[in-house]
Amino acid sequence: MTKPAKEPRIRYDEGCLAAHALNLIGDRWALLVVRELMFAPKRFQMIRAGLPGITASVLTGRMTQLSQAGVIDHDERLGIYTLTEAGRGLLPVLEALCRWALTVPGHDPSRFISPSALMISMGVNLVADRAQGRQALAGFDFGSEAFEMRLTDGRLQTSSVGRPDVPFVLRGNGNTLAAAVYGATPLPALISKGMVDAEGDIAAAESFLSLFRLAPQT
6 MTKPAKEPRI RYDEGCLAAH ALNLIGDRWA LLVVRELMFA PKRFQMIRAG LPGITASVLT
66 GRMTQLSQAG VIDHDERLGI YTLTEAGRGL LPVLEALCRW ALTVPGHDPS RFISPSALMI
126 SMGVNLVADR AQGRQALAGF DFGSEAFEMR LTDGRLQTSS VGRPDVPFVL RGNGNTLAAA
186 VYGATPLPAL ISKGMVDAEG DIAAAESFLS LFRLAPQT
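In this note's numbering, the protein residues as written are 6 to 223.
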């Protein structure tokens with residue numbers, strides 16, 4: 006006989022909707038686990054690779070909590086975790102946190118940045134007036150993960166792919182590619198230093214990267 010699912014742990018005994026949300030996804034690491042699953046299903050070790058500060062036991066606990074809360078599904082046969090519709094609905098929450106973080110001091114971009122974190126960040130930091138009316142396709146390859154970005158009239162859509170099939174692909178880790186997107190060093194200089202690898206139309210890549218700015222968007 007299947008045991009009934011445990012009720013999510015109540016952290017805040019309030020009728021406030023924000024408190025209800027935090028009862029479900031307010032534990033440490035929970036939203037970052039969601040971040041790592043936002044673009045594609047993953048196995049346990051791949052999720053952990055995007056969260057280098059977490060222990061296996063803590064991650065197991067968070068996955069269990071998020072499953073009980075209806076935020077993730079776990080295919081035990083394949084060992085794959087995926088977001089439910091409710092979990093995917095947390096993307097605007099992550100984006101709002103990124104926007105808020107731009108308004109307060111202390112952000113240190115030299116610390117670890119996962120591929121999924123950079124992809125979400127780029128969606129937040131697209132400069133609307135620069136992107137308006139533009140169309141572009143871009144690829145980002147992190148080795149273990151790869152993504153395509155499609156810009157259509159100011160709207161950015163990001164998809165996880167096996168191999169980008171686009172006019173240009175930038176390769177590196179989360180931090181080096183974040184430097185390419187937001188840093189002051191031109192892309193050709195980053196390529197010459199070996200920080201970033203590039204394939205395809207470099208001029209198109211530079212033009213695409215110019216559409217992003219790590220600053221509050223007005």
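Where a beta carbon is used, it is the ideal one built from N, C-alpha and C, also for glycine.
Whole-angstrom Cβ separation of residue i and residue j, contact assumed at under 8 Å?
i    : j    : result
G177 : V201 : 5 Å
V166 : E204 : Not really, about 14 Å apart at Cβ, beyond 8 Å.
A136 : P172 : Incorrect: roughly 17 Å between the Cβ atoms, too far for contact.
Using DSSP bridges, identify the partner residues of residue i.
i    : result
R176 : D146, D202
D78  : T87
T163 : M154
F49  : Bridge partners of F49: none, in fact.
Rounded to whole angstroms, what is the Cα-Cα separation between residue i and residue j?
i    : j    : result
K66  : D113 : The residue you asked about is not Lys; residue 66 is Gly in the sequence shown. Their backbone Cα atoms lie some 28 Å apart in a straight line.
L83  : S126 : 30 Å
E153 : L29  : 31 Å
L56  : T181 : 17 Å
P120 : F147 : 7 Å
T89  : M43  : 10 Å
E150 : T157 : 23 Å
L272 : R160 : What the structure shows of the chain is the stretch from 6 to 223, and residue 272 is not part of that stretch, so it cannot be assessed.
A185 : Y17  : 42 Å
I207 : L195 : 12 Å
T223 : L27  : 28 Å
Kindly list the residues whose CB is nearer than 6 Å to the CB of residue i, restricted to its own chain and excluding five residues on each side of it in sequence; keep chain order.
i    : result
A91  : G75, V76
I52  : E41
L219 : N130, Y187
W144 : In the sequence on display, residue 144 carries Gly and not Trp. These residues qualify, in order along the chain: E153, P169, V171, V174.
A141 : L156, F213
A24  : Y17
Among residues of its own chain, excluding the 5 on either side of residue i, which ones have a beta-carbon nearer than 8 Å to its beta-carbon?
i   : result
I85 : P46, K47, R48, H79
S72 : D78, H79
Which residues in the same chain have their Cβ closer than 7 Å to the Cβ of residue i, if we skip the five residues on either side of it in sequence?
i    : result
F217 : M127, N130, L131, V132, V186, Y187
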